[in-house]
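Residue numbers (full-length UniProt numbering), protein chains in the order written: chain Y, 1 to 442; chain C, 1 to 442. Here's the structure, in structure tokens; my notes come after.
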């Protein structure tokens with residue numbers, strides 16, 4: 001602490017890539033991470049992909065003296081993989097599971113089984129209430145043909161909603177994690193613009209780390225550089241974001257990342273680079289207030305207009321996803337009907353020799369049973385798929401409804417501003433069905 | 001409005017029992033509900049079990065002039081069934097899906113497919129921000145042997161968490177819906193004590209409705225009185241709850257319920273009775289504040305101590321659920337292994353005649369294929385069940401962790417009070433594993 005009004009807060013974030021028996025050098029890397037954390041004594045540690053609770057408990061034991069408070073977020077089949085360690089007492093924890101998170105049959109991608117979510121812990125830093133969030137969004141496996149894009153956009157939408165609605169009582173807000181979003185990706189813009197969270201990389205006074213702040217670097221020995229193509233050096237998808245409030249102003253004094261290797265160790269901590277941010281909290285003795293100047297109003301109106309554009313873009317993306325999900329559901333239903341028809345046909349074939357041909361010629365039992373099994377397999381699979389796609393459709397429709405509501409509300413607020421420029425650009429229809437987004441139906 | 005500081009707010013809640021083609025007189029009842037709502041012009045209407053979006057859209061058209069703002073919450077396979085209509089503009093909507101909601105194979109109960117959740121809409125009433133919640137918890141099918149109790153307790157836990165964390169910026173909070181909880185049930189006590197929400201039935205100045213405020217009455221023609229046994233007259237499971245803030249005080253002027261029949265109609269609106277509350281909002285010109293008196297401190301400490309007891313009780317219930325879920329998961333795994341063993345045995349039997357007996361005796365093809373199908377069915381079913389129970393275990397463990405954290409935090413706050421009575425009663429261990437709940441690990 002520099003003076004009584006200034007508090008220094010060190011935040012650490014790392015995607016640990018901790019899949020037991022599958023991730024390379026998993027145990028050794030956890031030992032290294034434990035060493036680093038107990039040496040560095042960050043105030044708040046936010047980890048992702050700690051898939052095994054045993055590994056969490058192991059870290060917890062190791063950090064019991066430096067970080068006496070911790071929470072492990074559980075969800076999905078395997079878990080959410082998210083853990084937090086803190087030097088400050090954790091008073092409350094809450095988890096929001098994203099409504100969409102990939103497909104269960106894409107088992108090799110595995111995201112669905114992970115139960116992706118955003119976890120929140122509330123802790124008191126001095127007399128300040130800090131709401132600290134950790135999350136891990138669905139991975140991007142192919143940037144050119146990203147079938148998970150609508151899911152990630154919906155996750156970013158729900159993430160910003162969760163943060164906005166649960167942080168009104170907070171003095172400071174911190175979000176860290178592997179967003180699987182590039183800095184200018186739609187989901188990232190949506191999150192930052194709606195919540196007002198600031199990116200520690202762009203805001204920091206001092207930076208020490210990889211070029212452009214990248215956190216998934218081609219030099220990392222656990223990474224296949226081909227997978228990063230066309231980004232030769234790497235990409236920035238891990239973040240520490242923050243914002244203050246009327247009671248606290250926050251500055252990022254410095255941000256550092258690991259650089260793909262660890263001194264005295266043969267391999268790095270993970271396939272992602274770790275982030276470490278030094279935040280300076282300044283408690284404000286008097287609340288900022290008073291009448292807004294015209295310039296401030298214009299700036300706020302500009303922000304609102306930008307937000308309307310971003311939410312509209314997100315809504316379009318969700319609509320594309322909805323179209324695909326509805327088509328997939330239709331395909332599942334049609335295949336199911338075909339399976340049923342095949343089964344009926346088979347039963348008819350079975351009935352015919354019994355009625356007419358009797359012992360005339362041998363009944364092809366093997367083919368009959370095999371075909372029967374095939375029909376049943378088709379029926380069960382398509383039934384499960386139909387249920388799954390119905391849930392996807394509902395979730396996408398729900399997100400789209402909320403987005404429409406939000407756009408309407410934002411435009412309503414915009415109308416309250418004495419704008420210098422006309423708002424014609426906001427009046428373009430979102431699609432053929434919406435006569436005018438300025439009059440949303442809710 | 002009585003004077004400039006007083007606002008009258010009328011809230012309506014009804015479980016519509018709107019299962020198309022299955023619920024009796026569904027269409028006629030919706031027409032009756034639409035009539036009632038457009039005649040009564042409540043400020044906020046919160047409906048549950050509006051399972052079909054078509055019915056929602058139909059109501060929306062009907063109420064377009066009286067209730068121009070509305071939102072339909074979508075989740076799960078069928079939907080959440082929750083809808084809200086409002087005379088005041090809805091600015092934002094957010095949905096939280098409960099992590100547990102029955103079992104998909106209990107299709108005749110159907111709760112799992114409904115995607116139970118709590119929906120929130122934010123609306124401005126005058127200059128006040130109202131956070132309005134609607135929910136529908138898992139039904140209780142058998143009170144004596146209620147296998148869904150842990151699920152309902154977790155839902156109540158998540159409901160109170162969601163309301164607490166998303167309402168800090170609210171001037172007033174309203175929750176209505178079919179809680180499927182009796183007034184003194186654990187989930188109900190947990191919800192009311194933790195959030196501070198007040199029950200309009202116990203708080204109202206004037207009540208007009210069924211005896212004891214019951215909302216599921218034996219006189220209702222859609223109800224089989226046997227199902228209500230041992231509660232001959234009926235049960236109270238639908239609620240309108242509310243609370244104010246430092247800026248607004250709320251009084252319930254009157255509460256009324258329907259009484260199982262509708263004048264001039266052959267049947268009632270639903271199998272549940274409708275609730276209608278008249279709330280009086282008084283905006284406070286100056287915030288209540290200043291030092292707490294000793295009596296107030298004792299009262300707050302008493303509340304905290306009560307809360308510790310309730311959360312501990314909930315935690316016990318969740319642990320019972322966890323034990324059952326783990327046992328079910330184990331059974332699924334064991335059955336799966338047996339299915340696999342049977343399959344291997346069958347393959348061995350098939351291999352033996354091919355190796356040794358050849359054309360010696362006819363191979364029992366029919367039995368062979370049937371048994372094969374059975375093995376595969378067992379394997380697939382147990383695999384799906386194992387995944388499902390793993391998710392249930394994770395969700396229950398997550399809720400239990402959060403409860404442990406909450407108890408620790410509450411006890412910490414309790415220690416801050418200069419208590420007249422010793423807190424020994426709070427020091428009893430929660431179970432054998434916890435050495436002392438006063439020193440929770442997080």
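Don't be surprised by glycine CBs; every beta carbon is placed ideally from N, CA and C. Everything numeric in this text was worked out from a predicted model, so none of it was measured.
Taking 6 Å as the limit between beta carbons, can you name the residues of its chain near residue 294(Y), skipping five residues before and five after? On the first chain, position 294 is the one that residue 294(Y) refers to. So the list is empty, once near-sequence residues are dropped.
Indicate the three-state DSSP secondary structure (helix, strand or coil) for residue 206(C) in the structure shown. Numbered from its first residue, the second chain carries residue 206(C) at position 206. The three-state secondary structure of residue 206(C), taken from DSSP, is strand.
In chain order, what residues of the same chain lie with their CB nearer than 8 Å to the CB of residue 113(Y), ignoring the 5 residues before and after it? Taking the first residue of the first chain as position 1, residue 113(Y) is located at position 113. Excluding residues within five positions, the ones whose Cβ falls inside 8 Å are 76, 77, 78, 104 and 107.
What's the call for residue 386(Y), buried or exposed, on a 16-neighbour Cβ count within 10 Å? Residue numbering aside, residue 386(Y) sits at position 386 when the first chain is read from its first letter. So residue 386(Y) counts as buried.
Please confirm whether residue 401(C) has its beta-carbon closer than 8 Å to some beta-carbon of chain Y. Taking the second chain and counting its residues from 1, one reaches residue 401(C) at position 401. Chain Y, which has a Cβ nearer than 8 Å to the Cβ of residue 401(C), makes this yes.
For residue 156(C) and chain Y, any beta-carbon pair shorter than 8 Å? On the second chain, position 156 is the one that residue 156(C) refers to. When Cβ-Cβ separations below 8 Å define contact, residue 156(C) makes no contact with chain Y.
If the cut-off is 7 Å on Cβ atoms, which residues from the region 162-186 of chain Y count as contacting chain C, listed in chain order? Contact annotation: in the region 162-186 of chain Y, residues whose CB is within less than 7 Å of a CB in chain C are 165, 166, 168 and 169.
So which residues of chain C does residue 406(Y) contact, with C-beta pairs closer than 9 Å? Taking the first residue of the first chain as 1, we reach residue 406(Y) at position 406. Result: 91, 92 and 93.
Restricting to Cα atoms, I'd like to know which of 134(Y), 116(Y), 111(Y) and 115(Y) is closest to residue 122(Y). The count along the first chain starts at 1 and reaches residue 122(Y) at position 122. Closest option to residue 122(Y), Cα to Cα, is 134(Y).
To which residues of the same chain is residue 91(Y) closer than 7 Å at the C-beta, ignoring the five residues directly before and after it? Numbered from 1 along the first chain, position 91 holds the residue referred to as residue 91(Y). Contacts found: 122, 123 and 124.
Is the separation between the beta-carbon of residue 159(Y) and that of residue 199(Y) shorter than 8 Å? Numbered from its first residue, the first chain carries residue 159(Y) at position 159. Numbered from its first residue, the first chain carries residue 199(Y) at position 199. No, Cβ-Cβ distance for residue 159(Y) and residue 199(Y) is not below 8 Å.
Just the Cα atoms here: how many angstroms apart are residue 400(Y) and residue 266(C)? Position 400 of the first chain holds residue 400(Y). Position 266 of the second chain holds residue 266(C). Taking the straight line from one Cα to the other gives about 40 Å.
I'd like to know whether the C-beta of residue 18(Y) is nearer than 8 Å to at least one C-beta of chain C. Here residue 18(Y) corresponds to residue number 18 of the first chain, with the count starting at 1. For residue 18(Y), no CB of chain C lies under 8 Å from its own CB, so it is not counted at the interface with that chain.
For residue 342(C), which three-state DSSP category applies? In the second chain, residue 342(C) corresponds to position 342, counting from 1. Here residue 342(C) sits in helix by DSSP.
For residue 444(C) and chain Y, any beta-carbon pair shorter than 8 Å? Because chain C spans 1 through 442 in this model, residue 444(C) falls outside it and cannot be assessed.
Give the DSSP-derived three-state secondary structure of residue 17(Y) in the structure shown. Here residue 17(Y) refers to the residue found at position 17 when the first chain is read from its first residue. Coil at residue 17(Y), not helix or strand.
Should residue 421(Y) be labelled buried (16 or more other beta-carbon atoms within 10 Å of its own) or exposed? Within the first chain, numbered from 1, the residue matching residue 421(Y) stands at position 421. At residue 421(Y) the pLDDT is 45, less than 50, meaning the model places this residue with poor confidence; the figure from the coordinates comes in the next sentence. Residue 421(Y) comes out exposed.
For residue 79(C), which residues in chain Y fall below 7 Å Cβ to Cβ? Your numbering for residue 79(C) matches position 79 in the second chain. Ordered by position in chain Y, the residues that pass the 7 Å Cβ test against residue 79(C) are 394.
Using the beta-carbon count (16 or more within 10 Å), is residue 299(Y) buried or exposed? Residue mapping note: residue 299(Y) aligns to position 299 of the first chain, counting from 1. Around the beta carbon of residue 299(Y), fewer than 16 other beta carbons lie within 10 angstroms, which makes this residue exposed.
Beta strand (DSSP E) segments (min. 3 residues) lying fully within the region 109-138 of chain Y: Those beta strand (DSSP E) runs which fall completely within the region 109-138 of chain Y and span 3+ residues are 117-125 and 128-136.
Three-state class that DSSP yields for residue 76(Y) in the structure shown: Here residue 76(Y) refers to the residue found at position 76 of the first chain. Coil.
According to a CB-to-CB cut-off of less than 8 Å, which residues of the region 62-76 of chain Y neighbour chain C? Residues of the region 62-76 of chain Y with a Cβ closer than 8 Å to any Cβ of chain C, in chain order: 69, 70, 71, 72, 73, 74, 75 and 76.
For residue 242(C), list the residues DSSP reports as bridge partners. Counted from its first residue, the second chain places residue 242(C) at position 242. When DSSP reads this structure, residue 242(C) sits in a beta bridge with 174(C) and 198(C).
Which bits of chain Y does residue 105(C) rub up against, with CB to CB less than 9 Å? In the second chain, the residue the question calls residue 105(C) occupies position 105. Residues of chain Y passing the Cβ test: none, with the nearest at roughly 12 Å.
Could one say the Cβ of residue 397(C) lies closer than 8 Å to chain Y's Cβ atoms, at least one of them? For the purposes of this step, residue 397(C) is taken as the residue at position 397 of the second chain. Among the residues facing chain Y, residue 397(C) is included, as its CB has a counterpart in that chain under 8 Å away.
8 Å Cβ cutoff, residue 96(C) in contact with chain Y: The count along the second chain starts at 1 and reaches residue 96(C) at position 96. For residue 96(C), the answer is yes, since a Cβ of chain Y falls inside 8 Å of its Cβ.
Run through DSSP, which three-state label would residue 389(C) get? To locate residue 389(C), count along the second chain from 1; it is residue 389. Residue 389(C): helix per DSSP, three-state reduction.
Backbone secondary structure at residue 311(Y) - three-state DSSP: In the first chain, the residue the question calls residue 311(Y) occupies position 311. Secondary structure of residue 311(Y) (DSSP, three-state): helix.
Can you pull the chain C residues whose beta carbon is under 8 Å from the beta carbon of residue 373(Y), in chain order? In the first chain, residue 373(Y) corresponds to position 373, counting from 1. Under the 8 Å cutoff, chain C gives 369, 372, 373 and 376.
In chain C, which residues lie with their C-beta within 9 Å of the C-beta of residue 391(Y)? Start at 1 with the first residue of the first chain, and residue 391(Y) comes out as number 391. What residue 391(Y) touches in chain C: 75, 76, 77 and 115.
The beta strand (DSSP E) that contains residue 223(C), what's its start and end? Here residue 223(C) is taken as the residue at index 223 of the second chain, counted from 1. Per DSSP, residue 223(C) lies in no beta strand (DSSP E) segment and is marked neither H nor E.
Starting from residue 387(C), find everything on chain Y with Cβ-Cβ shorter than 9 Å and list it in chain order. By one-based count along the second chain, residue 387(C) stands at place 387. For the C-beta of residue 387(C), the chain Y residues within less than 9 Å are, from N- to C-terminus, 77, 104 and 113.
Tell me where the beta strand (DSSP E) around residue 93(Y) begins and ends. The count along the first chain starts at 1 and reaches residue 93(Y) at position 93. Note, residue 93(Y): beta strand (DSSP E), 90-97.
Could you check whether the Cβ of residue 409(C) sits closer than 8 Å to any Cβ belonging to chain Y? Counted from its first residue, the second chain places residue 409(C) at position 409. Closer than 8 Å to some Cβ of chain Y, the Cβ of residue 409(C) qualifies, so yes.
Own chain, CB closer than 6 Å to residue 56(C), minus 5 neighbours either side, in chain order: Locating residue 56(C) in the second chain gives position 56, counting from the first residue. These residues qualify, in order along the chain: 50, 72 and 83.
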